[in-house]
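Asks:
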Amino acid sequence: MSNSKGTTPVAPIPISRKPAPQTTGQTPPGSKTACIRTFGCQMNVHDSDRIRRMIQDSGYAEVQRYEDADLVILNTCYVRENAVDRVKGHLGELNRLRREGRVKKVALTGCIGAAEEARSLERTYNIDLVLGTHNTYELAEFVGLPTMRETYTPELPGTEGEHSAFVTIMTGCNYQCSYCIVPTVRGRMMCRPLDAVVSEVENLVAGGTNYVTLLGQTVDAWRHGGKRFCDLLEAISEVAPRVWFTTSHPSNMEDRTLRAIGERDTIVKRLHLPVQSGSDRMLKLMHRGYKAERYRRKIEVFREAAQGGTLSTDIIVGHPGETEEDHEQTLKLVKDCAFDSAYIFKFSPRRGTEAAGLPGTVPDRVVQRRFLEVLRRVEQNGFERNQRKVGGVEEIYIRHGSTDDGKAIGETWSGHAVHVNSGADPGTYVTATIGSAGPHVLYARDPSG
Ligand code: 5AD
Ligand code: SF4
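Numbering of the sequence shown is given in numbering that gives the first Met the number 0, commencing with residue 0 and proceeding in unit increments.
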């Protein structure tokens, strides 16, 4: 599962999106076309939903290939250097297509747009419009809508009427982790009022949404009008048939929330809680604000509250100054917490962050070895834990309908990804026995009834 870019998406379940209408080659002559490419996290996927709404409202048909598009929008990620390299590759390709007259305009939005580097990219690649994360609404003007500041703000729900929807409950981040560019490009934390979130979810559910994912950089830091995240989660769990949330910060994660995950039927028993390192020395250097022991205690509460639930995390290997001893501590924590899956990242220096200027660079080959060691341990945990699910009967939420091979991808209430032979529609449930398991995914026997 690992790749040389230093990330390993170990068994995360892609959130199902209704594919954009395929208009390739079939758009009526004279109609405007736009292509949106999304890089990075679920926040970006959600922002792209908003962008999609804007371009559709202004009469663009969405196409999937650059060469069919009048306007190409790259909604980007800046969190690691390889994300920027990927976008540069796309920008180079777009420049070529523009010279050939096959693409007219290129817009760059998202986190790269909010970074200083965007200015030089704008010049190098002749980008027509660069927007950060706070002024995406200006795209509305660019595509010919009247100024839409009020309409296209973070309050706007992304995807109505689909079986699964993201709901942003907060934007930005008030932490200053040594390695992280997010606070620079996304700004300080802003939380939406509880009532606004609840009524958005009610509208989505009335429109056919069966699964709501609450989104934010540190969702569990949400607070508003004297209420805390757990209050919001409980309120949502009353109105949505299925709820999950991501991503959380260990310092904000309350035991009350962990217990609510276990107790409330509508909350998926899946916790993503980035730990980053198992070494107290590194956690301090990273300004994470907790020690490994406190993290372990949180996990104990979760495991007790949501038995059989799934736990995932983010880990950075090779942060400046990371010694062999620090790495051993991470391996130990991975074993103790028995993560079901993890995103493992090789440290990537981001200009403007504290860690980019720290001494103690870890040599590439050492980073690679540590990366693989962490990966192996996570996969071993995942495999062992998945094996325990074999033989159990599960209610499976279909996230992606079956493809040509007849296999649909679903999710159990414990948050496990399952492949199941079923023609059931996305957003519905099937019941099936788990027949086998790999390190990342479960395989169901043919569903009953
Ligand atoms: N290098 C490597 N990984 C990083 N992350 C954030 N910034 C960096 C960086 N500079 C990882 C963290 C975070 C996840 C979203 O990306 O693990 O939790
Ligand atoms: Fe970045 Fe730390 Fe904020 Fe997460 S909590 S977005 S890692 S600064």
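We treat Cβ as the ideally placed atom computed from N, Cα and C, and that holds for glycine.
Figure out for me which residue from 296, 276, 57 and 231 has the closest Cα to the Cα of residue 266.
Replies: Among 296, 276, 57 and 231, the Cα nearest to that of residue 266 belongs to 231.
Asks: Name the one or two DSSP bridge partners that residue 430 has.
Replies: Bridge partners of residue 430: 394.
Asks: Between residue 284 and residue 320, is the Cβ-Cβ spacing less than 8 angstroms?
Replies: Closer than 8 angstroms, so yes.
Asks: Tell me where the alpha helix (DSSP H) around residue 89 begins and ends.
Replies: 80-98 is the span of the alpha helix (DSSP H), which, as asked, contains residue 89.
Asks: Could you tell me which residues DSSP puts in a beta bridge with residue 243?
Replies: 212, per the DSSP bridge assignment.
Asks: Are residue 271 and residue 247 touching if we call contact CB-CB under 8 angstroms?
Replies: Yes.
Asks: Which same chain residues, not among the five before or five after residue 329, have their C-beta less than 7 angstroms away from its C-beta?
Replies: Cβ neighbours of residue 329 beyond the five flanking positions: 276, 277, 278, 314 and 373.
Asks: With C-beta atoms as the reference, is residue 413 less than 8 angstroms away from residue 446?
Replies: It is not a contact, given that the beta carbons lie outside the stated cut-off.
Asks: Among all the DSSP beta bridges, which residues are the ones paired with residue 36?
Replies: DSSP lists 73 as partners of residue 36.
Asks: Is residue 347 near the ligand 5AD, with its Cβ less than 7 angstroms from a heavy atom?
Replies: Yes, the ligand 5AD has a heavy atom inside 7 angstroms of this Cβ.
Asks: Check whether the Cβ atoms of residue 119 and residue 352 lie closer than 8 angstroms to each other.
Replies: No, the pair does not count as a contact, with Cβ atoms beyond the cut-off.
Asks: Classify residue 308: buried if its beta carbon has 16 or more other beta carbons within 10 angstroms, exposed otherwise.
Replies: Result: buried.
Asks: For a test of the three-state rule: what should DSSP assign to residue 486, helix, strand or coil?
Replies: This structure cannot settle anything about residue 486, because the visible part of the chain is limited to 0 through 448.
Asks: Let's see if you can read the secondary structure: which residues bound the beta strand (DSSP E) around residue 163?
Replies: It spans 163-167 - the beta strand (DSSP E) in which residue 163 sits, taken as one unbroken run.
Asks: Between residue 45 and the ligand SF4, is there a pair consisting of the residue's CB and a ligand heavy atom that are separated by less than 7 angstroms?
Replies: No.
Asks: Out of 219, 235 and 34, point me to the one whose CA is closest to residue 52's CA.
Replies: Nearest C-alpha to residue 52: 34.
Asks: Counting only the same chain and skipping the five closest in sequence on each side, list residues whose C-beta sits under 6 angstroms from that of residue 160.
Replies: Residue placement at residue 160 is poorly supported in this model, since its pLDDT is 46, which falls under 50; the coordinates still yield a value, given next. Excluding sequence neighbours, residue 160 sits near 206 and 207.
Asks: On the three-pair Cβ rule with 8 angstroms, is the segment 215-227 touching the segment 179-189?
Replies: Because the criterion of three Cβ pairs below 8 angstroms is met, the segment 215-227 and the segment 179-189 touch.
Asks: Could you compute how far the alpha carbon of residue 117 sits from the alpha carbon of residue 94?
Replies: Between residue 117 and residue 94, the C-alpha separation is close to 16 angstroms.
Asks: Flag this pair as yes or no: are the beta carbons of residue 166 and residue 204 separated by less than 8 angstroms?
Replies: Their beta carbons are not under 8 angstroms apart, which means residue 166 does not touch residue 204 by this criterion.
Asks: Put residue 420 into one of helix, strand or coil per three-state DSSP.
Replies: If DSSP states are grouped into helix, strand and coil, residue 420 belongs with the strands.
Asks: In chain order, which continuous runs of the alpha helix (DSSP H) of length 4 or greater are located wholly inside the segment 279-305?
Replies: DSSP runs (the alpha helix (DSSP H)) wholly in the segment 279-305: 279-284 and 291-304.
Asks: Thinking C-beta only, is residue 385 closer than 8 angstroms to residue 437?
Replies: For residue 437 and residue 385, yes; Cβs fall inside 8 angstroms.
Asks: Can you tell me whether residue 340 is helix, strand or coil according to DSSP?
Replies: Strand at residue 340.
Asks: Under three-state DSSP, which class holds residue 267?
Replies: In this structure, residue 267 counts as coil in the three-state DSSP scheme.
Asks: Going by alpha carbons, who is nearest to residue 54 out of 163, 31, 42 and 196?
Replies: Cα-wise, what sits closest to residue 54 is 31.
Asks: Any heavy atom of the ligand 5AD inside 7 angstroms of the beta-carbon of residue 344?
Replies: Flag set: Cβ of residue 344 near the ligand 5AD.
Asks: Run through DSSP, which three-state label would residue 235 get?
Replies: Helix at residue 235.
Asks: Kindly say whether residue 296, judged by its beta-carbon, lies nearer than 8 angstroms to any beta-carbon of chain D.
Replies: Here there is only one protein chain, and chain D is not present.
Asks: Ends of the beta strand (DSSP E) at residue 309?
Replies: Start and end: 309-316.
Asks: Closer than 8 angstroms is the cut-off here; do at least three beta carbon pairs connect the segment 291-304 with the segment 341-358?
Replies: Result no; under three Cβ-Cβ pairs closer than 8 angstroms.
Asks: Counting pairs of beta carbons, one from the segment 424-433 and one from the segment 382-400, are three or more of them closer than 8 angstroms?
Replies: At 8 angstroms Cβ cutoff, the stretches touch.
Asks: Compare the C-alpha of residue 333 against each of 369, 419 and 304 and name the closest.
Replies: For the residues 369, 419 and 304, the minimum Cα distance to residue 333 belongs to 369.
Asks: Return yes when the C-beta of residue 124 is under 7 angstroms from any heavy atom of the ligand SF4, and no when it is not.
Replies: No - the ligand SF4 has no heavy atom lying nearer than 7 angstroms to the Cβ of residue 124.
Asks: From the DSSP secondary-structure annotation, give me the bridge partner or partners of residue 222.
Replies: Beta-bridge pairing links residue 222 to 227.
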